[in-house]
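Reading through the structure tokens given below for one structure.
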Amino acid sequence: MTNGIAPAKSGSPCLAAVKPLSGLGFPDPEEDAISHWLKQVGRTRLLTREEEYMVAKHAKEGCDACRSLLIESNFRLVVTVAKKCRGRGLALSDLIQDGNVGLMRAVGKFDPDRGYKFSTYATWWIRQSINRGLSDHARTIRIPAHSVEALNRLLRAIVQLNQRLGHEATVHEIAKAIDLPVEKVTKLLTYSKEPISLDMPTGDSEESSFAEFLPDTVQSSAIEETNRSVLRARLAQSLEFLSPRERAIILARYGLLNDEPMTLQEVANQVGITRERTRQLEQEALAKLRRPENAKLLKSLLSGD
Numbered sequence: 016m017t018n019g020i021a022p023a024k025s026g027s028p029c030l031a032a033v034k035p036l037s038g039l040g041f042p043d044p045e046e047d048a049i050s051h052w053l054k055q056v057g058r059t060r061l062l063t064r065e066e067e068y069m070v071a072k073h074a075k076e077g078c079d080a081c082r083s084l085l086i087e088s089n090f091r092l093v094v095t096v097a098k099k100c101r102g103r104g105l106a107l108s109d110l111i112q113d114g115n116v117g118l119m120r121a122v123g124k125f126d127p128d129r130g131y132k133f134s135t136y137a138t139w140w141i142r143q144s145i146n147r148g149l150s151d152h153a154r155t156i157r158i159p160a161h162s163v164e165a166l167n168r169l170l171r172a173i174v175q176l177n178q179r180l181g182h183e184a185t186v187h188e189i190a191k192a193i194d195l196p197v198e199k200v201t202k203l204l205t206y207s208k209e210p211i212s213l214d215m216p217t218g219d220s221e222e223s224s225f226a227e228f229l230p231d232t233v234q235s236s237a238i239e240e241t242n243r244s245v246l247r248a249r250l251a252q253s254l255e256f257l258s259p260r261e262r263a264i265i266l267a268r269y270g271l272l273n274d275e276p277m278t279l280q281e282v283a284n285q286v287g288i289t290r291e292r293t294r295q296l297e298q299e300a301l302a303k304l305r306r307p308e309n310a311k312l313l314k315s316l317l318s319g320d
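So the sequence shown is residues 16 to 320, counted in this note's numbering.
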């Protein structure tokens with residue numbers, strides 16, 4: 016027994032006390048299906064605090080049915096966060112899909128014994144996942160299909176010409192090398208200055224992608240770095256009422272700076288105190304965060320209101 020609740024097993028009766036939801040599942044990307052799904056979400060009954068604890072507890076112990084129930088009962092939260100991000104380059108359906116990824120991650124990491132509501136914990140993961148999706152996709156432009164192969168040839172020609180000539184090739188030199196009018200080369204060069212999806216198909220068979228012609232290096236985009244900087248600044252501002260040590264513990268314990276929550280022992284080693292003292296300071300910090308005036312400030316700052 017754990018806190019009076021039996022460990023969940025396959026076919027566990029742990030859901031018997033919870034009225035089943037509608038079995039929503041995840042939305043289909045088609046707009047009509049999204050509209051229908053949103054209506055269903057609006058009719059979904061929210062879990063009570065007691066039900067949420069019980070379901071989250073069993074989900075943590077490995078009950079897939081409880082995990083699904085916790086996810087479905089919080090689809091409405093995903094929609095709420097996603098709607099606040101409309102108008103930034105992605106369709107609502109895409110925002111919801113990205114938000115659902117964050118929701119699932121939150122379910123996997125949530126510990127109900129820490130004493131805070133799941134929605135409070137999940138909102139950060141949902142917003143982070145949506146922001147990452149915006150960073151990855153919102154600025155990607157569409158290039159006419161007939162221009163994709165020409166652009167691919169252009170990029171390769173520029174690299175070869177620069178190496179052969181020993182200087183940066185001019186538009187006229189590039190045009191001559193790939194047998195295209197200068198005007199066409201100029202237009203293609205405007206595409207190359209914008210973000211391009213690395214998964215865009217190229218070649219006659221369209222079985223290759225731009226990624227195959229680029230060095231295997233990964234760099235964070237300017238937008239993603241900006242989002243991270245803004246989030247860090249807001250987190251620092253919203254936790255100013257905590258002591259420096261409490262603030263460091265909260266940020267590390269919940270992965271608020273590097274996406275990876277740390278264990279009590281890891282935080283204790285980092286801060287230079289005992290594991291038990293770290294736990295005490297964490298509880299004291301959480302108590303401060305739960306105060307109405309602090310919770311309101313935290314919500315306002317992190318939502319950007």
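C-beta: ideal position from N, C-alpha, C; glycine also.
Distance between residue j and residue i (C-alpha atoms, nearest Å)
i: Glu299; j: Val282; result: 15 Å
i: Tyr131; j: Gln175; result: 59 Å
i: Arg91; j: Val197; result: 53 Å
i: Gly123; j: His73; result: 12 Å
i: Asn284; j: Phe133; result: 28 Å
i: Thr201; j: Leu107; result: 35 Å
i: Thr289; j: Arg268; result: 15 Å
i: Cys78; j: Pro127; result: 14 Å
i: Gly102; j: Val56; result: 22 Å
i: Arg129; j: Arg82; result: 18 Å
i: Gln280; j: Pro307; result: 30 Å
i: Glu76; j: Gln178; result: 59 Å
i: Ala80; j: Pro259; result: 41 Å
i: Ser50; j: Thr63; result: 26 Å
i: Asp113; j: Lys98; result: 12 Å
Proximity of residue i and residue j at Cβ, strictly below 9 Å
i: Thr88; j: Glu65; result: Checking the sequence, you will find Ser at residue 88 rather than Thr. Taking 9 Å as the Cβ cut-off, Ser88 and Glu65 do not qualify as a contacting pair.
i: Leu53; j: Val70; result: no
i: Met119; j: Ile86; result: yes
i: Thr293; j: Val286; result: yes
Distance between beta carbons of residue j and residue i, contact taken as under 8 Å
i: Asp109; j: Gly148; result: 7 Å
i: Ile264; j: Glu291; result: Rounded, the Cβ-Cβ distance is 13 Å, inconsistent with contact.
i: Ile173; j: Ala184; result: 6 Å
Cutoff 7 Å; reference residue i; Cβ partners in own chain excluding five residues on either side
i: Thr138; result: Leu92 and Val96
i: Gln143; result: Gly117
i: Tyr136; result: Ala121 and Phe125
i: Pro276; result: Lys124, Arg268, Tyr269 and Gly270
i: Val186; result: Val197, Val200 and Thr201
i: Glu46; result: Because Glu46 sits at a pLDDT of 46, beneath the cut-off of 50, its placement in the model cannot be relied upon, and the following sentence gives the value as read from the coordinates. The answer, listed in chain order, is Ser108.
Chain C within 9 Å of residue i, Cβ atoms only
i: Lys54; result: In the structure shown, chain C does not exist; there is a single protein chain.
Other residues of its chain near residue i: CB distance less than 8 Å, five sequence neighbours each side excluded
i: Glu188; result: Leu176 and Leu180
i: Lys303; result: Phe256, Leu257, Glu261 and Asn309
i: Trp140; result: Gly117, Leu118, Arg120, Ala121 and Lys124
i: Leu61; result: Ser88 and Arg91
i: Leu301; result: Arg129, Gly130, Tyr131 and Ile265
Cβ neighbours of residue i in the same chain (closer than 6 Å, five flanking residues each side left out)
i: Arg305; result: none
i: Cys100; result: Leu110 and Ile145
i: Arg168; result: Ile193
i: Leu170; result: none
Any non-hydrogen atom of the ligand ZN within 8 Å of residue i CB
i: Thr278; result: Inclusion of the ligand ZN in the displayed structure is not the case, the ligand content being empty and no account of it being possible.
request  = Please specify which runs of the beta strand (DSSP E), each continuous and at least 3 residues long, are wholly inside the stretch 62 to 91, giving them in chain order.
outcome  = Fully contained in the stretch 62 to 91 is no beta strand (DSSP E) run of length 3 or more.
Unbroken stretches of the beta strand (DSSP E), 3 residues or longer, contained in the stretch 166 to 209 = DSSP runs (the beta strand (DSSP E)) wholly in the stretch 166 to 209: none.
key: Sequence ranges, alpha helix (DSSP H) only - wholly within the stretch 128 to 154, length at least 4   = Fully contained in the stretch 128 to 154 are the following alpha helix (DSSP H) runs of length 4 or more, in chain order: 133 to 152.
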